[in-house]
Structures are given as C-alpha cells and as structure tokens.
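There are 2 protein chains.
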Amino acid sequence: MGRTSDARQKILGAARSLIEGRGYSALGVAEICKAAGVPKGSFYYFFESKEALALAVVDEHWAAQRRDWVRVLDGEGSPLQRLRHLFEETEAGQRAVHDGCGTVSGCLFGNLALELSNQTEPIRERLQDIFDAQVEMVHAVVTEARERGDVTVTDTREAARAVVAQLEGQVMFAKLYNSPQRLTPLWDNCLALLGAR
Amino acid sequence: MGRTSDARQKILGAARSLIEGRGYSALGVAEICKAAGVPKGSFYYFFESKEALALAVVDEHWAAQRRDWVRVLDGEGSPLQRLRHLFEETEAGQRAVHDGCGTVSGCLFGNLALELSNQTEPIRERLQDIFDAQVEMVHAVVTEARERGDVTVTDTREAARAVVAQLEGQVMFAKLYNSPQRLTPLWDNCLALLGAR
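So the protein sequences, as listed, match chains U and W. Residue numbering for the first sequence is 1 to 197, as defined by this note's numbering. Residue numbering for the second sequence is 1001 to 1197, as defined by this note's numbering.
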C-alpha cells in the first residue's frame, strides 16, 4: 500500500513539474511516467486519463495554496496588512523558484486558464471555482478594510476581482520577463485599486 | 507569384486560428497545412520551422493591433478619453469574436507568454518587445494626462505597466469565464490605478 500511494505521488509530482515547465497539451502519458520513474501501465491504475491527472495536479496545488492564503488572510494584523502579506509571500514564492532553477514559473492556474480554458470544460470549471474562491477570500478582507474606513472603494467585489486580475497580470509579466522584481509594485497598485486612504 | 503569397497567407491564417484555439505546443506542421489547404511540402518553402511560423503569426497580429492602438491613442479627444476608447475597442473586439464563434479567444500575446516564454527564447523576446511597446504607448498618454493634471500618479511608467497588466489579467478572466462582460470594469480600474481626479 505504501508503494502504491508513493507511485501516485511520483506521477503527480512529475506531472506538476512538467506542466509548469512546458504546459499540458504537449505532454504525453509515457513522458510523465518516465519522469516519475513508474511503469506506464500503472498510470491508468491511478488516473482515468491525462485530463484526470491535470485535475488532480490542480487540486493538490490549490489545497496547498489555499492553506497559505487562509493562514495569511485570517492571520494577525489589520486587513490591509494581511493583504500586503499575501502579495509579499507571492513574490517571495516566485523569487524562490527563480533563485532555485533560474526561471519564474508563474501561476499554474493562470497558465492553464490561458492554455486550456477553451479546450476542456472540466478544467475550465475547476479553475473558475479556484479563482472564485480567491476573489471571495480577497473580498472578505476588502469588506473588513472598508468597514474600518481604510479603503474607499464602493463595489468591494469588483475591487477584489481587479486585485486578483492585477496579480495574474503582473505574474504574467514576471514570467515573460523572467523577473520576480516585476511583482514589487503589486502592493501600490492594489492600494490604488482599493482607493486606500 | 500571386499563388505563392496566397499559400503563405493561408498557412499564416490557419496557424493563427489554430494557435488561438489550442495553443502552439500541441500543433503539428501537417495539421496546420491541412487546415490551410496547402501541401505539407510547401510549408518549409515559406517557413524555416514551426517557431518561425509562430513568430510570423505574432508579427502579423501585432502589426494590425499596433495600427489600431496608434489610431486610437493618437486620435481625437483628451488623453483619458483616448485611453478609454482603447479599452472599449478591446472589449468590443473580444465581444465580436465571442458573438461569432461562442468563445472569448483572449489575447494571443498573453496566451503565448504563459504557454511559451520559458520554452523558446526568440518568442519570449518578441513578446517582450510587444509588451514594452504597449507600455510605452500607454505611458505617453499617461504622461500627457499627468501634464494636464488629469491624473495624480507619480511613477507614470509603473502606472502604465499596471494598466497593461490589469488589461491582461481581466482578459484572462474574460477567457476563463467565457464572458466579454468581464472587461467592462476595466476603465474604472484604470482610473483608480492612475489616480484620476
């Protein structure tokens, strides 16, 4: 049993790393299994299809990222301090990958949204759920900031969407220019979008 | 000669449409030629490689988009009116594609930036040049708006970058949610990012 779940984790880990590096479409099951060091025959024991594997990769990544977001956004400090902390952690995460392997890998969800959302409905729906959840989490903090009079924005939900869109847009440029520093202005942009006092 | 350039245009048109629908990595030369209705042998008469074709698709698309941006941003009206006009045209363009084929295709440059920037340096560099040019064009208008006292932002270049990032982020969500309406809040977000009076 230990070895079985180990093989599943190896496939998931290899798939995530390959998807981050080269996208989903160009990958084949044989290549994923080779990178994972598991026999190709075992793939379909764990995953019904390549699409099912991609969904599992997305779910595992979101489970980890969601924990981080909850920890930061439900943590100590004023609402704006917590939101700032989220951006700082995002920048630090992209910087750590860049320092380790020389490239900014960007946002797995944003990458797959642009690569796949017009191709597979199950992946599109899963990514919609994830970005809905991100907007909801930011929205809760923005609402709290507004109640305290820290921000002046009136449509708090639209402002939360704009903040998440700004994050995705700047992460795109951090990846394109292979420069984690591109994320540094995020906080000032976020304050502007929220009409911070 | 007429037929020769016709075949090149057919390949370019088919490639652009396939790349918009399914990305670059998953495409093969044979498939592109089949969609273009030209013999596979003729492909390498026009293009050295699939990468060379992708660069030609990007160049052709940017030449057309650049003309549109110049027309709008150098056109009539105050700086902010022209910038608003650019966003309205962008939304109208995404809406027209959506009305025609049922899907928001998003931004070809943003799509390729996330799919390819860590895989092919020539495409990365070309996309960097394009986004640099977009930021430069927005920057000129923001500078003009600042000189008139219409916006309060101090770092006009960083603000121009934030505006282009907001555009890419919101276009990502328009594609993911297959909803051109997602672009409607762009203008208010832009005003906030610029500190418009």
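Yeah, the Cβ is synthetic: ideal placement off N, Cα and C, and Gly gets one too. Here the structure is a predicted model, which means the values were calculated and not measured.
| Item | Value |
| --- | --- |
| Sheet register partners of A1278/W (DSSP bridge) | The shown model of chain W, from 1001 to 1197, leaves out residue 1278/W, and the question about it has no answer. |
| Proximal residues of chain U, C-beta to C-beta of A1015/W below 8 Å | Ordered by position in chain U, no residue passes the 8 Å Cβ test against A1015/W, which lies about 15 Å from the chain. |
| Contiguous beta strand (DSSP E) assignments of at least 3 residues, all confined to the stretch 1140 to 1193 of chain W | none |
| Minimum Cβ-Cβ distance from D150/U to chain W less than 9 Å | no |
| Partner residues on chain W for K10/U, Cβ-Cβ distance less than 7 Å | The contacting residues do not exist; K10/U stays about 23 Å from chain W at best. |
| Chain-ordered neighbours of G110/U on chain W, where CB pairs are closer than 7 Å | L1114 and M1172 |
| Reduced DSSP secondary structure (H/G/I, E/B, other) of A30/U | helix |
| Beta-carbon spacing of F46/U, A7/U below 9 Å | yes |
| The ligand SAM heavy atom lying under 8 Å from the CB of G1023/W | Ligands are entirely absent from the displayed structure, and the ligand SAM is therefore not among its contents. |
| Cut-off 8 Å between Cβ atoms - residues of its own chain near L18/U, not counting five sequence neighbours on either side | L27, E31, I32 and A35 |
| Identity of the residue in I1123/W, L1194/W and Q1181/W nearest R1161/W by Cα | L1194/W |
| Burial state of P39/U, where buried means 16 or more other Cβ atoms lie within 10 Å | exposed |
| Beta-ladder partner(s) of A196/U, from DSSP | V151/U |
| Below-9 Å beta-carbon distance, G93/U vs any chain B residue | Chain labels in this structure do not include chain B; the protein chains are U and W. |
| Chain U residues whose Cβ lies nearer than 9 Å to that of K1175/W | A113, L114, S117 and N118 |
| Residues of the stretch 127 to 152 of chain U with Cβ closer than 8 Å to any Cβ of chain W, in chain order | L127, Q128 and F131 |
| Alpha-carbon spacing of W1062/W relative to I1130/W, whole angstroms | 7 Å |
| contact_flag[the stretch 69 to 76 of chain U, the stretch 47 to 60 of chain U] where n(CB pairs < 8 Å) is 3 or more | no |
| Inter-residue CB distance, L114/U and L1114/W (contact presumed, cutoff 8 Å) | 5 Å |
| Cβ separation of V164/U and Q94/U, assumed to be a contact under 8 Å, to the nearest whole Å | Actually they are not in contact, since the Cβ atoms of V164/U and Q94/U sit about 16 Å apart, beyond 8 Å. |
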